[in-house]
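Per the UniProt record's numbering, residue 1 is the first one in the sequence shown, and the count goes up by one each step.
To keep things clear, I will list the structure first and then write my remarks on it.
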Amino acid sequence: MNIELAEVSFSYERRSRKAKATDTPCILEQVNIAIRSGEMLAVAGKSGSGKSTFMQLIKGFLKPTFGNLLLDETNPFTAKRPELFDRVGFIFQYPEHQLFSVTVAEDVAFGLRHSGYTPEEKEAKVKYAMEAVGLDYDAFAERSPFELSGGEKRRVAIAGVVVLEPEMIILDEPTAGLDYPSRTSLFDMLHRLNKEQGTTILWVSHQLEEMLEHASRLLIIKDGTIVADGSPQDLLSNQMLLASLGWEKLPALELRELLLEVCGIEVNRPYKISEVAPLLISLFKKKQQSTGEESLCHP
């Protein structure tokens, strides 16, 4: 599914009858963006920049004040086709707080309760969704979701969206509160959905490192407008852009530049310092073996 926002603005109307149109501030203003099917797209920006509003517009929770929102060239509002938004799944921050059923299988199946599927068809869809997010059906189906780890609970919540077979999944701070192994496992699952199912993934986060590592495209929102759109590596290496946002360059990018400048080594991936470390150790050992020197490289 392709999504387009054309000259989209959004503002919350003041309740006072005396308020003028100019008194109502825009949360988003004249946004023009196209999201192509199958993208891994991250959205960054400071708190209050308009990220949440942007996500809610795409899901249909909010209606643009001005402009057009198109899903596969159709405006769900003017065409009176709100069911088009069912093709977009939405994962709230800390979705595990919304778990409530006795078993994992029941929780995942909740969205199918009025679908008209037979019990056998529902079970097949629940099994597919659980396997898609890395939860073995036989091992987890009858377990209580409240007995699971934080990462497993989040997978259950995501499975409850995947079972509806959305073409796009939007996630709000998907790694918030998760430890490193759980964060890694979560993105492994999202990449699998993206590559194997063709699901478009859009997520909002304050973790620039995870965007650098996992996104193919990055949008940066500031004061309700999209100020940058492009490769995470290019945008997060742009000193002028970073300065305008009050951000510092990521340590992983600084390390890559240092390797290139001092050692003449160009490292495209990985970006994480924890993954570059073994490379440095290996280079250091090779340098010692070949020259007997203790330093890795010289200017």
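C-beta: ideal position from N, C-alpha, C; glycine also.
For residue i and residue j, which I take to be in contact (beta-carbon distance under 8 Å), what is that distance rounded to the nearest angstrom?
| i | j | result |
| --- | --- | --- |
| serine 11 | isoleucine 27 | 6 Å |
| leucine 245 | leucine 212 | Contact doesn't hold; Cβ gap of about 15 Å is too wide. |
| leucine 202 | methionine 168 | 7 Å |
| alanine 157 | glutamate 254 | Between glutamate 254 and alanine 157 the Cβ distance is about 36 Å, and since that is not below 8 Å, they are no contact. |
| glycine 60 | proline 82 | 6 Å |
Out of curiosity, what's the CA-to-CA distance linking residue i and residue j?
| i | j | result |
| --- | --- | --- |
| alanine 252 | arginine 155 | 28 Å |
| leucine 186 | tyrosine 180 | 10 Å |
| valine 163 | tyrosine 94 | 19 Å |
| alanine 6 | leucine 283 | 50 Å |
| phenylalanine 54 | glutamate 248 | 25 Å |
| lysine 222 | alanine 243 | 13 Å |
| arginine 217 | glutamate 257 | 21 Å |
| valine 204 | glutamate 73 | 24 Å |
| serine 231 | serine 237 | 10 Å |
| leucine 190 | lysine 80 | 31 Å |
| histidine 206 | glutamate 173 | 7 Å |
| glycine 31 | proline 64 | With the sequence shown as reference, residue 31 is identified as valine, and glycine is not the correct amino acid for it. When rounded, the distance between both Cα atoms is 10 Å. |
| asparagine 75 | leucine 84 | 9 Å |
| proline 166 | phenylalanine 92 | 15 Å |
| threonine 175 | serine 290 | 43 Å |
| aspartate 86 | methionine 1 | 12 Å |
| aspartate 188 | glycine 38 | 16 Å |
| histidine 214 | isoleucine 220 | 16 Å |
| leucine 280 | glutamate 266 | 12 Å |
| threonine 184 | aspartate 229 | 25 Å |
| arginine 113 | alanine 124 | 14 Å |
| tyrosine 128 | glutamine 288 | 52 Å |
| aspartate 136 | threonine 78 | 42 Å |
| leucine 148 | asparagine 68 | 42 Å |
| phenylalanine 90 | leucine 71 | 15 Å |
| glutamate 120 | serine 182 | 32 Å |
| threonine 118 | isoleucine 33 | 40 Å |
| proline 278 | leucine 235 | 27 Å |
Leaving out the 5 sequence neighbours to the left and right, which residues in its chain are closer than 8 Å to residue i when beta-carbon positions are compared?
| i | result |
| --- | --- |
| leucine 178 | Gly150, Gly151, Arg154, Leu186 |
| serine 144 | Val102, Thr103, Val104 |
| serine 52 | Asp172, Val204 |
| leucine 99 | Asp107, Pro145, Phe146, Lys153, Val156, Ala157 |
| aspartate 138 | none |
Would you mind sorting residue i into buried or exposed? The rule is 16 or more other CB atoms within 10 Å of its CB.
| i | result |
| --- | --- |
| alanine 132 | buried |
| lysine 285 | exposed |
| glutamate 142 | exposed |
| residue 318 | For the chain, the structure presents residues 1 to 299; residue 318 sits outside this window and is missing. |
| methionine 240 | exposed |
| isoleucine 226 | buried |
| valine 8 | buried |
| glutamine 233 | buried |
Ordered along the chain, which non-local residues of its own chain (more than five positions away) have a Cβ less than 6 Å from that of residue i?
| i | result |
| --- | --- |
| glycine 224 | Cys26, Ile27, Leu28, Glu29, Gly50 |
| alanine 109 | Lys122, Val126 |
| phenylalanine 66 | Ser9 |
| glutamine 56 | Leu62 |
| phenylalanine 140 | Val104 |
| threonine 22 | Unreliable placement is indicated for threonine 22, whose pLDDT of 48 sits below 50; the coordinate value is still reported in the next sentence. Closer than 6 Å at Cβ, skipping near neighbours: no residue. |
For residue i, I'd like the list of residues in its chain whose CB is within less than 7 Å of its CB, leaving aside the five on either flank, ordered along the chain.
| i | result |
| --- | --- |
| isoleucine 58 | Ile3, Val88, Ile170 |
| glycine 111 | Gly160, Val163, Leu164 |
| arginine 36 | Asn2 |
Report yes or no: is there a C-beta of chain B within less than 9 Å of the C-beta of residue i?
| i | result |
| --- | --- |
| arginine 154 | The chain labelled as chain B is not found in the depicted structure, where only one protein chain is given. |
Would you call the stretch 98–114 and the stretch 41–55 in contact, with 3 or more CB pairs under 8 Å? no
Is the stretch 186–197 close to the stretch 120–134, with three or more CB pairs under 8 Å? yes
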